[in-house]
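Single-structure report; data block below.
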Amino acid sequence: SWLAPRDATPTPVPTRAAIAFIADANQARAVGDYDVAITAYRQAVELEPTNVEVLVALSEIQLMFADAAGARAYAQRAVDAAPRNVRALLALARAYNWANQNEAALNYAFDALEVTPDEPTGLAILGEIYTDEGNWDVAESYLTRALELDPANVTALRNRAYFLELRGNYEEAIATLQEAITVAPQRFDLYIQLGRQYRVGLLDYEKANEAYANAVRVYESPMTLTAQGDGLYNTGDHLQAVRVLRKAVELDPQYGPALVYLGMALYARRNYEDAAPSLEKGLRLVGDRARIEQLYTGGLAYINKEPRECEKAIPWLLKALEIDATASPAIQGLAACGVDAPASGG
45 SWLAPRDATP TPVPTRAAIA FIADANQARA VGDYDVAITA YRQAVELEPT
95 NVEVLVALSE IQLMFADAAG ARAYAQRAVD AAPRNVRALL ALARAYNWAN
145 QNEAALNYAF DALEVTPDEP TGLAILGEIY TDEGNWDVAE SYLTRALELD
195 PANVTALRNR AYFLELRGNY EEAIATLQEA ITVAPQRFDL YIQLGRQYRV
245 GLLDYEKANE AYANAVRVYE SPMTLTAQGD GLYNTGDHLQ AVRVLRKAVE
295 LDPQYGPALV YLGMALYARR NYEDAAPSLE KGLRLVGDRA RIEQLYTGGL
345 AYINKEPREC EKAIPWLLKA LEIDATASPA IQGLAACGVD APASGG
């Protein structure tokens, strides 16, 4: 009877298909919303663990964040799922290259070119590998060929700029990066690379900071904010650097580079009490990537703070001396703690 009570069981809601997550991810990536893109791609790959398109996209994004290990993990899954897929092979080749394993990188790149010999991205990746090997003529020939085939290939433009940077041709590297940015204006990593050309190559800190600010405009993240904060630090604007770097740390309290640069900026402002813990945590997170001046500053912060903590300062000062046994700030820091510097080998 229609008067009988109805079953109150709710109507099942259909599970969202992977294709919907992929569409969302692709759209977000196209406009530079990488957080949304990564989340959606990961949701898609949970539903379709062997979806090569998604695995390659995740690998490519991880490289933008300079995460070679993460990029390789996704690319390896893609190659396992489709051993002859060109994009998967090239993603794995590039991940190995960024991990400084160029023999494996070369093998996967050539495997891809066996399938598609005139693949511009494949040629560009070979150019990057040979650039890292210092084989300039071969690198340039691959990069030139890639751009002949596809003048708007972002990987080829980016890698040619990298080649030019290592050759000391910074002005042409800048022009090439600007071409790449015209093609892919949402690529925050290109702005960071552009800033490096201005800062390191031309010593033009104002234009470098403009590039870093554009990276933040395109994608505000711990990585882009850290680049901007470091740029401000290098121009002597330590107050503004602290503000920007604190924001980076708020976004990710475990992002080592932001903590290190924040500690350096705080030290420059003589805020040793806050500099010491920031450097302590950051240096542990970045590990072997720490520079000597960051190591001994980590020690000096403990010496200059109140109260002095020599037991925490000494390990960082000794690590700095492992890099350069004549580093006077580290030697002076040890002396302030009543410790002699280790004798250098001869």
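Each position in the sequence shown, counted from 1, maps to that position plus 44 in my numbering.
Backbone N, C-alpha and C define an ideal beta-carbon position, used for all residues, glycine too.
C-beta contact flag for residue i and residue j at 8 angstroms
i: P229; j: T270; result: no
i: Q237; j: A205; result: yes
i: A112; j: V123; result: no
i: G273; j: A285; result: yes
i: G307; j: A319; result: yes
i: R202; j: L234; result: yes
i: L327; j: L339; result: yes
i: V130; j: V159; result: yes
i: A334; j: V293; result: no
i: L208; j: T165; result: no
i: P386; j: L365; result: yes
i: Y316; j: K363; result: no
i: A62; j: L91; result: yes
i: L102; j: Y85; result: yes
i: L247; j: Q298; result: no
i: M267; j: F109; result: yes
i: A88; j: A69; result: yes
i: A259; j: V227; result: no
Assumed close pair residue i, residue j - CB separation to whole angstroms, cut-off 8 angstroms
i: I105; j: A81; result: 7 angstroms
i: I367; j: I336; result: 5 angstroms
i: Q241; j: A217; result: 5 angstroms
i: L187; j: A156; result: Not confirmed; about 16 angstroms, so no contact.
i: G275; j: A252; result: 5 angstroms
i: A137; j: A115; result: In fact, because the Cβ distance is near 11 angstroms, the residues do not count as touching under 8 angstroms.
i: D176; j: N146; result: 6 angstroms
i: G377; j: L344; result: 5 angstroms
i: Y214; j: G245; result: 3 angstroms
Residues of its chain near residue i, where Cβ-Cβ distance is below 7 angstroms and the 5 sequence neighbours each way are ignored
i: S265; result: L295
i: T94; result: A125
i: V288; result: L269, Q272, G273, L276
i: A255; result: Y235, L238, G239, Y242
i: T279; result: Y249, N253
i: A72; result: V80, A81, A84
i: C381; result: I347, C354, A357, I358
i: D162; result: L193
i: V383; result: I358
i: R128; result: V159
i: P321; result: none
i: Y78; result: I105, Y263
Cβ-based neighbour list, residue i, same chain, cut-off 6 angstroms, excluding 5 preceding and 5 following
i: L99; result: Y118, R121, A122
i: T370; result: none
i: A143; result: A112
i: G76; result: Q230, V262, Y263
i: A126; result: V96, A132
i: A183; result: G171, Y174, T175, F207
i: A374; result: Y340, L361, A364, L365
i: A149; result: A137, Y140, N141, I173
i: G342; result: L323, L327, W360
Sequence-distant residues of the same chain with beta carbon closer than 8 angstroms to residue i, five excluded per side
i: R290; result: L306
i: L221; result: L201, R202, A205, L234, Q237, L238, Q241
Worksheet entry | Sequence ranges, alpha helix (DSSP H) only - wholly within the segment 95–143, length at least 4 | 96–108, 112–125, 130–142
Discussion item. Threshold first: 4 residues or longer. Then list the alpha helix (DSSP H) segments lying entirely within the segment 216–298, N to C.
Written reply: 232–240, 249–262, 266–278, 282–295
Worksheet entry | Completely contained alpha helix (DSSP H) runs for the segment 138–208, where each covers 4 or more residues | 146–159, 164–176, 180–193
Fill in: Segments of 4+ residues assigned as alpha helix (DSSP H) that fall wholly inside the segment 55–93
62–74, 78–91
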